[in-house]
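Let me begin by presenting the structure, written as structure tokens, before commenting on it.
There are 2 protein chains.
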Amino acid sequence: MPPTSETLTAERILEATEEVLRRHGPAKATVVDVARALGVSHGSVYRHFRTKSALREAVTKRWLDRTTELLAAIVAAPDLDPETRVREWLAALFAAKRRKALADPELFATYSVLTTETAETVVGAHITELTDQLTEIVRAGTAAGTFTVDDPAVTAGALFRATDRFHDPHYAREWERPGVEGEFEAVLDLLVRGLRAAA
Amino acid sequence: MPPTSETLTAERILEATEEVLRRHGPAKATVVDVARALGVSHGSVYRHFRTKSALREAVTKRWLDRTTELLAAIVAAPDLDPETRVREWLAALFAAKRRKALADPELFATYSVLTTETAETVVGAHITELTDQLTEIVRAGTAAGTFTVDDPAVTAGALFRATDRFHDPHYAREWERPGVEGEFEAVLDLLVRGLRAAA
DNA sequence: CAGCTGACAGATTTCAATATCTGTCATTCC
DNA sequence: GGAATGACAGATATTGAAATCTGTCAGCTG
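Which chain is which? The protein sequence lines are R and H, in order.
If you read the first sequence in UniProt numbering, its first letter stands for residue 1, the second for the next number, and so on.
If you read the second sequence in UniProt numbering, its first letter stands for residue 1, the second for the next number, and so on.
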């Protein structure tokens, strides 16, 4: 128990919660554990988060936001043509998820449980943010005449859903298999060709 | 307990197993239950199926094969052009799964558990059969000059994986949502356009 | 007095004893 | 004699009592 006499903030609680989740897993990580890790009573934790699930949602959002930020850089890249940006963006999403899943499977499994719990709220918002990023790229490509697309938002949604297998944690086990890279390329090729074609 | 004095066959055991699964669900459906439903001792069931999981695999295969057969009709349809056949085949796959999921959610959940159990064996073979059917259509379209595709088998795999969300039981809950039809159309449009485009 | 504590009620989880199930096989039955 | 039985050992599941956890709040503390 490291009491660390600093003031108790939401931020410090989130850090401790991550650590407890990493150690105990999602099923056995309790609010009491988090409080103990911080050297405070569990009542203090409830001062910053109304419920245990609010705390879990906040931790999950934090984890997902790291990926959102990473990808934002590609949306903003000014020197890349739209087709390359679509490819790089989807490849970066796949690579980010895959790296996490392979580097620390147990932690990834923990967050997979958390995302399943919070599918309607936190994950829904995350997916909206991501498809908004994609929409931005598709819109730019349409404006530049590179893509022929009726409604960029609808097409961005289709791109995102067509690549579910390469970012949905449900498929994480597939990402270890030898052929995945090629499978991803095949899907991506088909989709990008679909963007280019005349309506 | 209907003893039905006919001879005990693998077929009759499979029918009884389906019934027990429907009534009890996957967790509580035991070999003893199946034997009781048939009015025989459980030892007799083991004469036809080496293990409980062999029995479950056989029932699952039966269920999946019904879909395979249904779709085979579209592959063989001689009066349809390749693009229509791709669209109809994927639409029929989605419709078949969706119908089952909405008509009897509990039974569908039961079979979802069974398919998860048998992912490596029975489901793997099922997916191979389905992608083989798709490959056939893509090959025909390529031969006819309608599609421009390097390797029909690879492209068929990409088509199948890009539409995972519309046939993988994992997404069954999404199939109730209002917008799904449109989402499916958007993905399908993008993919079909990708098939048509020049390499 | 703002922040923290710890005791509390009700909900959930754990654990160990008990019951049931799986898979085998010597024996029985037509 | 080929098919079916049922007793059995080890594995798995169920159950209910005890332990722990969640969320609240009156009171302590600096």
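For each residue, glycine too, the CB sits at the ideal point set by N, CA and C.
From residue i to residue j, what does the alpha carbon distance come to, in whole angstroms?
i: Gly124(R); j: Thr67(R); result: 15 Å
i: Thr17(R); j: Leu71(R); result: 25 Å
i: Lys28(H); j: Glu19(H); result: 13 Å
i: Asp150(R); j: Leu134(R); result: 15 Å
i: Pro169(R); j: Asp132(R); result: 20 Å
i: Glu15(R); j: Leu38(R); result: 10 Å
i: Val32(H); j: Ile13(H); result: 12 Å
i: Ala58(H); j: Ala101(H); result: 21 Å
i: Arg98(R); j: Pro152(R); result: 27 Å
i: Gly182(R); j: Asp65(H); result: 29 Å
i: Pro105(R); j: Arg22(R); result: 11 Å
i: Ala158(R); j: Leu80(R); result: 22 Å
i: Ala140(H); j: Val192(H); result: 14 Å
i: Ala92(R); j: Ser41(R); result: 41 Å
i: Leu107(H); j: Ala96(H); result: 14 Å
i: Pro178(H); j: Lys52(H); result: 40 Å
i: Glu11(R); j: Ala109(R); result: 23 Å
i: Thr148(R); j: Glu69(R); result: 28 Å
i: Thr6(R); j: Pro26(R); result: With the sequence shown as reference, residue 6(R) is identified as Glu, and Thr is not the correct amino acid for it. Taking the straight line from one Cα to the other gives about 27 Å.
i: His48(R); j: Thr115(R); result: 21 Å
Using the rule of at least 16 other Cβ atoms within 10 Å of the residue's Cβ for burial, across every protein chain shown, is residue i buried or exposed?
i: Ala103(H); result: exposed
i: Pro78(R); result: exposed
i: Thr30(H); result: exposed
i: Thr155(H); result: buried
i: Asp189(R); result: buried
i: Thr128(H); result: exposed
At a CB-CB cut-off below 7 Å, which residues of chain R make contact with residue i?
i: Asp164(H); result: Asp164, Arg165
i: residue 211(H); result: Nothing in the structure corresponds to residue 211(H), since chain H is present only between 1 and 199.
Within the same chain, show all residues whose beta-carbon is closer than 7 Å to that of residue i, passing over the 5 residues directly before and after it, in chain order.
i: Ile137(R); result: Val75, Pro82, Arg85, Val86, Trp89
i: Ser44(H); result: Leu8, Ala35
i: Trp63(H); result: Tyr111
i: His24(H); result: Asp33
i: Thr142(R); result: Val149, Pro152
At a CB-CB cut-off below 9 Å, which residues of chain H make contact with residue i?
i: Thr155(R); result: Ala186, Asp189, Leu190
Kindly indicate which residue of the options has the alpha-carbon position closest to the one of residue i.
i: Ala73(R); options: Arg165(R), Arg47(R), Leu107(R), Leu130(R); result: Leu130(R)
i: Ala54(R); options: Ala91(R), Ala96(R), Glu117(R); result: Glu117(R)
i: His126(R); options: Thr148(R), Gly141(R), Phe160(R), Leu107(R); result: Phe160(R)
i: Ala144(H); options: Ala172(H), Ala156(H), Arg56(H), Arg196(H); result: Arg196(H)
i: Ala172(H); options: His48(H), Leu190(H), Val113(H), Gly194(H); result: Val113(H)
i: Gly194(H); options: Ala119(H), Ala109(H), Pro26(H), Thr146(H); result: Thr146(H)
i: Arg119(H); options: Arg56(H), Ala162(H), Ala10(H); result: With the sequence shown as reference, residue 119(H) is identified as Ala, and Arg is not the correct amino acid for it. Closest option to Ala119(H), Cα to Cα, is Arg56(H).
i: Ala162(R); options: His48(H), Thr142(H), Val187(H); result: Val187(H)
For residue i, collect the residues of the same chain with a Cβ closer than 6 Å to its Cβ; drop the 5 residues on either side in sequence, then sort them by chain order.
i: Arg50(R); result: none
i: Phe166(R); result: Phe94, Phe184
i: Lys61(R); result: Val122
i: Glu176(H); result: none
If I measure Cβ to Cβ from residue i and keep anything under 8 Å in the same chain, skipping five residues before and after, which residues do I get?
i: Glu174(H); result: Arg165, Val180
i: Tyr46(H); result: Val31
Which chain R residues sit within Cβ distance under 9 Å of residue i?
i: Gly194(H); result: Asp189, Leu190, Leu191, Val192, Arg193, Gly194, Leu195, Arg196, Ala197
Could you name the residues of chain H that residue i contacts, counting a contact when the two beta carbons are closer than 8 Å?
i: Glu183(R); result: Gly157, Ala158, Arg161
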